[in-house]
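Residue numbers (numbering that gives the first Met the number 0): 0 to 439.
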Amino acid sequence: MRSGLLRTLVGYAAASLATALPWPLLLVLAWDEWGGAAAGLVAAARMAPYVLLSWAVGSLGDRVRRDRLVLATLLLRLGLLGGVAAALAAGSLLTAVLLAGLAVASGLPAYPAVGAAVPGLVGDHRERATDALVTIEVSAWVVGPALGGLLLLPATRAWLPATAVALALVAVVLAAGVPLPSPPPAQRAAASVRSMLGSVVRNRPVLLALATAGLVNVVGSATALALLPLTREVWGQGDGGYGVATAWLGFGALAAPLLWWLPGRRAGGLVLLGGATVVAGLAPWPTTALPVLALAGAAAVVVESSVTQTIQVAVPDEHRAGALGLGDSVMVLGALVGSLLAPPLASVGGARLAFVLGAGACLAAAAAAQARRPMRASSRTWREASAGTSSGDLNTPSSYAWSPKPSNAASIASMSASLNVVGRPPAEPRSQPWTTRSKP
């Protein structure tokens, strides 16, 4: 199982990097050939499939075998990235952009399918496996373009499309033959996007988790864009300084494993993210802000991993992949909203306003998450005390809160007495293990 998990995660990482690798080259070519506005549309073409399709195609992982689905997405990406390389070699930029967008879209079902299979694949190691998967997912979103940018050097630029194809081929080889747990055929046949959405809407913990994921991405995207006026107007740096700051923020996601020890993952991650965001925004020099930006990037991954784990636990297996796909849509939509909010905030209140507001939103969400924990605990205590009072035992352990009510137990005893065979001596009364249990 661990070998299968390792192959799945490494293959998924290779495919994610391969899909992201060509986009810096496509942006540069679009800017040179069509202008800045068209380059912006090319950048949007990478994010649009997540917002438009993830919520729907994620449910494919609930309707078909997940291992076959993941392998099919990898094969599609391999073919489409090969088409990107061929189109660029032929000088057809528009075709290359369209094929690269299709490669992004074809990979959308993979993350929900793998995330939904993790609990059945590794059992007790679910949390660590999910941490690794989310770190790969978030890091690839940033590291892929960063590597693509490095390959734009004259000596390696011509090899960039072929490198993407090679990574996609590695992903196919690694993932082939690895079985992924899937719902039974009867459940797969009944799964649908509508039933998944109904399951999510009725599930308060999942709704709160999705709201948290959206907030984190709004804050992350807004602050990433607000770094541009911050580096220019406050720190007096040029575009190079902005690139370095963005790299610290993005590559900080790779440091997320250092924060896996955090208790109360969601609230703790939000506190770290909020604190790091406000410190970076108010820092007088970039040397002070850069390590804190990396901490913010790592904290965001911790929060998103907590969100994914909530969905894994709270959503039934037959709807789990669809719910994770919906989470993808919410997160990327949050990133789009943040990118739209940052420019007007910077023009109205200066470059630091987006950082301060983002930090405030994270800290408020952390306080709300922390406040819900004692409320849930007190609610459980009240229910357990009520059950204990009705049975005459206030010391009933909470682990037995599921037991039959005393009134039901009395009814069962009465029915048993009335059904005794004539002539059989009455049974000796026995203690009811579901109402009392001696302490060891």
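Glycine included, each C-beta is placed from N, C-alpha and C at the ideal position.
Relative to residue 266, the option among 197, 303, 243, 171 whose CA is nearest is 303. Judged by DSSP in its simplified three-state form, residue 236 adopts coil rather than helix or strand. Where residue 314 is concerned, there is no enclosing alpha helix (DSSP H), because DSSP gives it neither an H nor an E.
DSSP places residue 191 in no alpha helix (DSSP H); its state is neither H nor E.
Judged by beta-carbon spacing, residue 139 lies beyond the 8 Å limit of residue 52, meaning their Cβ atoms are not closer than that value.
Excluding the 5 residues flanking it on each side, residue 282 has same chain C-beta neighbours closer than 8 Å at 288, 291, in chain order. Residue state for residue 282 is assigned as coil, using DSSP reduced to three classes. Check the Cα spacing between residue 79 and each of 88, 316, 133, 105: the tightest is with 105. Take residue 327, set aside five residues on each side of it, and the residues of its chain with a beta-carbon closer than 8 Å to its own are 49, 53, 54, 57, 107, 110, 111, in chain order. Assigned with DSSP and collapsed to three states, residue 10 falls in helix.
In this structure, DSSP gives residue 231 a helical state, which the three-state scheme calls helix.
One thing to note: residue 214 has its Cβ within 8 Å of the Cβ of residue 360. The C-beta separation of residue 9 from residue 173 comes to about 6 Å, placing the pair in contact by the 8 Å criterion. Here residue 176 is not near residue 19, since their CB atoms are 8 Å or more apart. Where residue 162 is concerned, the enclosing alpha helix (DSSP H) starts and stops at 159 to 174.
If the five residues before and after residue 212 are omitted, its C-beta is found closer than 8 Å to the C-beta atoms of 302, 303, 306, 326, 329, 330, 333, all from its own chain and listed in chain order.
The closest CA to that of residue 314, considering only 68, 200, 357, is found on 200. Inclusion of residue 246 and residue 353 in the CB contact set at 8 Å is not warranted, their separation being larger than that value. Contact annotation: residue 164 and residue 84 have beta-carbon atoms nearer than 8 Å. Membership of residue 66 in the alpha helix (DSSP H) is indicated by the continuous run 65 to 88. Exclusion of the five residues before and after residue 32 leaves 92 as the residues of its chain whose Cβ lies within less than 8 Å of its Cβ. With respect to residue 230, residue 358 sits apart: the two C-beta atoms are not nearer than 8 Å.
Cβ-Cβ distances below 8 Å link residue 37 to 29, 30 in the same chain, with the five nearest sequence neighbours on each side left out; the list follows chain order. Proximity to residue 321 across 65, 259, 1 peaks at 65, based on C-alpha coordinates.
In this structure, the CA atom of residue 160 is about 28 Å from the CA atom of residue 254.
In this structure, 87 is the residue among 227, 87, 343, 370 with its C-alpha nearest to the C-alpha of residue 156. The C-beta distance from residue 141 to residue 128 rounds to 21 Å, too long to fall under 8 Å, and the pair is not in contact. For the pair residue 232 and residue 220, the Cα-to-Cα distance works out to about 19 Å. Counting every other CB atom within 10 Å of its CB across the protein chains shown gives residue 45 a total of 16 or more, marking it as buried. Contact between residue 297 and residue 257 holds, with the beta-carbon distance rounding to 7 Å and staying under 8 Å. Of the candidates 237, 137, 339, 5, the residue whose Cα lies closest to the Cα of residue 252 is 137. Note on geometry: alpha-carbon atoms of residue 317 and residue 185 lie some 10 Å from one another. In this structure, residue 319 lies away from residue 130, with their beta-carbon atoms at least 8 Å apart. With respect to the C-alpha of residue 145, the residue from 363, 21, 323, 98 having the closest C-alpha is 21. About 16 Å separates the Cβ atoms of residue 59 and residue 14, ruling out a contact at the 8 Å cut-off.
Shown here, residue 18 sits in a helix according to DSSP, grouped into three states.
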